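Trainee: Here it is, the structure in full.
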Amino acid sequence: MATVGEVLVQTLVEAGVKRVYGVVGDSLNGLTDTIRKSGQIEWLHVRHEEVAAFAAGAEAHLTNEIAVCAGSCGPGNLHLINGLFDCYRSRVPVLAIAAQIPSEQIGSGYFQETHPEHIFKDCSDYCELISQPVQMPRILAIAMRTAITKRGVAVVVLPGDVALRECPSKAITLGISASTSVVRPPDSEVHLAATLLNESGRVTILAGAGCKEAHDVLIAVAQRLKAPVVHAMRGKEFIEYDNPYDVGMTGLLGFSSGYHAMMSCDALLMLGTDFPYQQFYPKDAKIIQVDIRGEQIGRRTKVDLGLAGTVKDTLHALLPLLAERLDTSHLDRCVDHYKNARQGLDDLAVGEPGHTPIHPQYVAKVVNELASEDAIFTCDVGTPTIWAARYLQMNGKRRLLGSLIHGSMANALPQAIGAQAASSGRQVISLSGDGGLAMLLGDILTLKQLNLPVKLVVFNNSSLAFVELEMKAAGLIDYGTNLVNPNFAHLAETANILGARVEKPEDLRSALEQAFAHPGPALVEVIVHRQELSMPPTISAEQALGFGLYMLRAVMNGRGDEIVDLVKTNLLR
Ligand SMILES: Cc1ncc(C[n+]2csc(CCOP(=O)(O)OP(=O)(O)O)c2C)c(N)n1
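In our numbering, the protein residues as written are 885 to 1457.
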């Protein structure tokens, strides 16, 4: 009779799982040994379980298929948590196997004892303890179906001894795949939406991650309504390209054209977005919101009409009902504004020989130019996300991943690991912060060990720069943000990874070219300007006051030069 572990692995194989990310440990040994013997699933050994969870999330994001991570009992699976929160909130299908202490010891305060079925509740859609072998196939099937259909996280808690016992029940075929169901609101509601849009003056579209697979119909709707399209960061990879209606982003990472397109409309059509910042929504416009998850409708701004359905299916129903609009003045104004804003951003992305430290914008711009047509980018939370938002160009083939809802630092390297493992042959580039990279630094070793040719571009500004901006905007003196860094390029070389350190703009291009052409993993560390802080598209009175206060305090603390820099790089834009 097959063991529980064997039936579990058989189920994973039949569901198309190719690999499991994790760190071994006694309570997991039964499972890892079965994986070894199966020869059909790869065990991808990372150095920190958080990396395993982020990597699985990246794989799921890119493939649309369920991906798997695992951690041993107690601390091993606790380390998964932050990465799993990211997967859960980004809605990607991930199964986590949380090994548990021997079943007879549960409840006795045993070595490494925790209760994962409680701990993982907040970051999963399904979380169950398998306390006896006969349960396993059914619990696993429910877990996997939940993760796949809800696009979320499922956790099975499996004591090591149970995994080794004989399994009296057989593997269950899941019988489902990632949902391709057509989901759209009833005709009556689609008609209401069409009437509202047809009767409104200026219409603006705000598009998010739910616009995946809806590119063409979205453009057709924008064309019909002569509506500028603002995107949220998670929508960037799906709708920014081949889009003459694109007017950029709004929000804290965005720029002024996106902000004004939103604020100057009479009707806002929100498509597959849960964009969280209330202050960036128009106050008086009529708002229509389309979202596959009805529970998200209206939770950020008031909504006049909420439509529960996929963006793609809903827009296909809506498009024939929309009257062709002839007045292009709102669109023209927003597109012109965008051109100006874009020019302003491009002007900052310069690398004049001899001018140091290098502008991080220039780094992002050159990376964008040199990256392949179908590159996969990951960007760390912090300023790398801003540079990615502003300077990476999407084209329908490129992909862009970040920790864009959970907002966890140190996401980029782990996500690059998962992206590369799942997409061999594609170029994977991580835009890493020096703080972010250092946080899960151990896993640069994984690149060599698993032979993953990821390219790490490290923005070394010797600081937690994004937080410095936050502090300054709040009128605080920056504190606790300084980083005393090693030479990351040397560090990479010690780990047998190609390393380069770039201090002058004139050396950047060739260093990146060399790294990108290298067949193995490579790290390019660029010493960038610390004060190159990006201002939100509109700065509130409190923030402006904050900057003023910061300056006053900094001057009083004898940091006048820094102020001159700050004013030059930020406030005079
Ligand atoms: C795990 C975690 N810790 C702390 C934060 C708060 N935080 C957000 S951005 C940031 C700084 C990131 O620094 P770095 O990676 O060096 O990028 P930089 O902004 O300097 O370019 C911090 C500390 C966070 N988002 N996640």
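Idealized CB from N, CA, C, for every residue including glycine. Quick caveat: nothing in here was measured; it's all calculated off a predicted structure.
(1) What's the gap between the Cα of Leu896 and the Cα of Ala942?
(2) Cβ of Asn1366 within 7 Å of any heavy atom in ligand 1?
(3) Does ligand 1 have a heavy atom nearer than 7 Å to the CB of Val1265?
(4) For Tyr994, collect the residues of the same chain with a Cβ closer than 6 Å to its Cβ; drop the 5 residues on either side in sequence, then sort them by chain order.
(5) Excluding the 5 residues preceding and the 5 following Lys1110 in the sequence, name in chain order all residues of the same chain whose CB lies nearer than 6 Å to its CB.
(6) When you compare each of Arg1118, Asp970, Leu1090 to Val1105 by their alpha carbons, which one comes out closest?
(7) Ends of the beta strand (DSSP E) at Ile1171?
(8) In the DSSP output, which residue or residues are listed as bridge partners for Lys1034?
(9) Between Asp970 and ligand 1, is the CB less than 7 Å from at least one heavy atom?
(10) From Val1342 to Phe1004, what distance separates their C-alpha atoms?
(11) Tell me whether Asn1371 counts as near ligand 1, meaning its Cβ is closer than 7 Å to at least one heavy atom of that ligand.
(12) Given 7 Å as the limit, tell me if Leu1348 has its C-beta closer than that to any heavy atom belonging to ligand 1.
(13) Buried or exposed, going by whether 16 or more other CB atoms sit within 10 Å of the CB of Ile1060?
(14) Round the Cβ separation of Pro1017 and Arg1049 to the nearest angstrom and send it over; I've been treating them as touching at under 8 Å.
(15) Where do the ends of the beta strand (DSSP E) carrying Lys1339 lie?
(16) Roughly how many whole angstroms lie between the Cα atoms of Leu886 and Thr1033?
(17) Identify, in the order they occur along the chain, each residue of the same chain with its Cβ nearer than 7 Å to the Cβ of Val1101, setting aside the five sequence neighbours on each side.
(18) Give me the residue from Ser911, Val978, His1239 with the minimum Cα distance to Ala940.
(19) Mind the definition here: the segment 1312-1320 touches the segment 1284-1300 only if three or more C-beta pairs lie below 8 Å; say whether that holds.
(20) Nearer than 7 Å: is that true of the beta carbon of Val1342 relative to any heavy atom of ligand 1?
(21) Leaving aside the five residues before and after Arg1022 along the sequence, list all residues of the same chain whose C-beta is less than 8 Å from its C-beta, in chain order.
(22) Any idea if Asp1220 is buried or exposed, counting beta-carbon neighbours within 10 angstroms, 16 or more meaning buried?
(23) Let me confirm a value: Gly1085 is counted as buried when at least 16 other C-beta atoms fall within 10 Å, else exposed. Which label applies?
(24) Between the alpha carbons of Lys1096 and Lys1120, how many angstroms are there, rounded?
(25) Enumerated in chain order, which unbroken segments of the alpha helix (DSSP H) with a length of 4 residues or greater are wholly contained in the segment 1166-1251?
(26) Please classify Asp844: is it buried, with 16 or more other beta-carbons within 10 angstroms of its beta-carbon, or exposed?
(27) Run through the DSSP bridge pairs and tell me what Ala1406 is partnered with.
(28) Going by the C-beta, is Val1351 closer than 7 Å to any heavy atom of ligand 1?
(29) From Lys1249 to Gly906, what does the alpha carbon distance come to, in whole angstroms?
(30) Quick check: is any heavy atom of ligand 1 less than 7 Å from the C-beta of Asp1100?
(31) Note down the Cα distance separating Arg1184 from Glu988, rounded to an integer number of angstroms.
(32) DSSP three-state label for Asp1130, please.
(33) Between the C-alpha atoms of His945 and Gly1178, what's the straight-line distance to the nearest angstrom?
(34) State the Cα-Cα distance for the pair Ser1287 and Gly1092, rounded to the nearest angstrom.
(35) Considering only residues of the segment 901-950, which uninterrupted alpha helix (DSSP H) runs meet the minimum length of 4 residues and lie entirely inside it, listed in chain order?
(36) Can you tell me the Cα-Cα spacing of Leu1436 and Thr1365, whole angstroms?
Mentor: Let's see:
(1) 18 Å
(2) no
(3) yes
(4) Ile985
(5) Arg1209, Thr1212, Leu1215
(6) Leu1090
(7) 1170-1175
(8) In the DSSP output, where bridge partners are listed per residue, Lys1034 has none listed.
(9) no
(10) 32 Å
(11) no
(12) yes
(13) exposed
(14) 5 Å
(15) 1339-1344
(16) Residue identity check: residue 886 is Ala in the sequence provided, not Leu. Cα to Cα, the separation comes out at about 28 Å.
(17) Lys1196, Leu1199, His1200, Leu1203
(18) Val978
(19) yes
(20) no
(21) Ser1053, Ile1056
(22) exposed
(23) exposed
(24) 10 Å
(25) 1195-1202, 1213-1232
(26) Nothing about residue 844 can be reported from this structure: the residues present for the chain run from 885 to 1457 only.
(27) Lys1339, Leu1382
(28) yes
(29) 35 Å
(30) no
(31) 47 Å
(32) strand
(33) 22 Å
(34) 15 Å
(35) 913-922, 933-947
(36) Because Leu1436 sits at a pLDDT of 44, beneath the cut-off of 50, its placement in the model cannot be relied upon, and the following sentence gives the value as read from the coordinates. Straight-line Cα distance between these residues: approximately 19 Å.
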